[in-house]
Amino acid sequence: MQGVLYVSHGSRVEEARREAIEFMQSVRQRVDVALQEICFLELAEPDIAEGIERLIDRGATRIAVVPVLLLSAGHYYKDIPEEIGRAKARHPQVRFQYGEPLGVQDRIVDILVERIEETKAFRHSDALVLLVGRGGRNPEIPRSIEEIAGKLQAKLAVSKVNTCYLAACPPSFDEGLQEAVKGGKPQVIVVPYLWFTGLLMRSMEKKINSLSTKNQEFILCQYLGNHPAMVDALADRVHETLQVKESRS
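Heads up: the sequence shown begins at 27 in the working numbering, then just goes up one per residue.
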């Protein structure tokens with residue numbers, strides 16, 4: 027019997043966990059599979075091992091493991107496959123299918139445009155747009171964020187979209203903000219490439235709220251969240267994963 031396991035990142039912030047669960051429940055309604063479970067990589071329960079055991083206890087003989095991640099990084103390449111490998115050793119009779127993160131998609135870039143428009147701030151022709159990624163040590167992360175920045179620049183018809191990162195990649199978020207202050211643009215529109223709320227969003231809000239002056243306005247956009255296009259994107263990944271023959275991990 028087929029099962030689906032959604033693997034979200036996890037957060038210490040209750041609101042973030044609630045948002046993630048509500049989002050994954052929305053996707054579950056779009057997937058015609060009886061056995062579906064939600065789990066987290068860290069900072070929340072159940073973890074991956076428990077999620078797998080729950081599905082097997084309910085009768086799953088095939089499990090599609092779907093990473094609820096925006097981009098490919100360490101969690102995708104290392105942490106989740108290691109958990110799948112341990113589960114295979116415990117349950118050699120169960121077949122595992124492993125999906126992919128959402129990756130770079132035009133429909134997600136369109137959400138970023140919406141998030142900017144939702145601020146209802148007048149966008150100066152020379153406004154600076156600062157795209158903020160979570161960051162990571164895998165070189166695919168900055169490459170993907172730069173690709174997203176290029177697509178966003180084209181959709182907004184602005185001269186440039188700057189990029190920075192909250193961790194592990196240069197330039198840092200603080201450096202991106204400092205550069206924006208020095209640049210002196212009348213508007214700085216900060217666009218977080220984050221799925222849900224959490225400590226990172228709270229930290230960004232605190233820093234940005236202290237920066238606006240009479241001559242320079244800093245505007246923080248909403249994160250991607252439970253947008254219908256995000257639900258569509260993850261539901262598509264689930265259906266793709268169900269077609270995978272077997273994980274190679």
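Glycine included, each C-beta is placed from N, C-alpha and C at the ideal position. On a predicted model such as this, the values are computed, not experimentally measured, just so you know.
Express the C-alpha separation of residue j and residue i in angstroms, rounding to a whole number.
i           : j           : result
residue 207 : residue 254 : 34 Å
residue 347 : residue 187 : This structure cannot settle anything about residue 347, because the visible part of the chain is limited to 27 through 275.
residue 123 : residue 166 : 23 Å
residue 226 : residue 108 : 26 Å
residue 171 : residue 189 : 7 Å
residue 248 : residue 118 : 44 Å
residue 240 : residue 211 : 12 Å
residue 50  : residue 64  : 7 Å
residue 148 : residue 222 : 26 Å
residue 216 : residue 82  : 44 Å
residue 214 : residue 242 : 8 Å
residue 224 : residue 269 : 33 Å
residue 43  : residue 264 : 20 Å
residue 238 : residue 76  : 46 Å
residue 256 : residue 250 : 8 Å
residue 145 : residue 205 : 22 Å
residue 197 : residue 245 : 20 Å
residue 201 : residue 233 : 12 Å
residue 113 : residue 78  : 7 Å
residue 59  : residue 143 : 37 Å
residue 105 : residue 71  : 16 Å
residue 185 : residue 115 : 53 Å
residue 87  : residue 271 : 13 Å
Pull up the DSSP beta-bridge partners for residue i, would you.
i           : result
residue 218 : 158
residue 195 : DSSP, once it has assigned bridges, lists no residue as partnering residue 195.
residue 61  : 29
residue 66  : 34 and 73
residue 213 : 243
residue 189 : 157
Consult DSSP for residue i and reduce its assignment to one of helix, strand or coil.
i           : result
residue 34  : strand
residue 94  : strand
residue 87  : coil
residue 103 : helix
residue 121 : strand
residue 182 : helix
residue 148 : coil
residue 39  : coil
residue 253 : coil
residue 267 : helix
residue 236 : coil
residue 272 : coil
residue 224 : coil
residue 129 : coil
residue 25  : This structure cannot speak to residue 25, because the chain is shown only from 27 to 275.
residue 168 : helix
residue 141 : helix
residue 163 : coil
residue 51  : helix
residue 248 : coil
Taking a contact to mean a Cβ-Cβ separation below 8 Å, would you say residue i touches residue j in this structure?
i           : j           : result
residue 178 : residue 155 : yes
residue 137 : residue 128 : no
residue 125 : residue 267 : yes
residue 100 : residue 169 : no
residue 68  : residue 29  : no
residue 53  : residue 260 : yes
residue 181 : residue 130 : no
residue 235 : residue 48  : no
residue 89  : residue 39  : no
residue 91  : residue 31  : yes
residue 219 : residue 174 : yes
residue 110 : residue 273 : yes
residue 183 : residue 161 : no
residue 66  : residue 98  : no
Checking contacts by CB at 8 Å: is residue i closer than that to chain C?
i           : result
residue 134 : The displayed structure is made up of one protein chain only, and chain C is not part of it.
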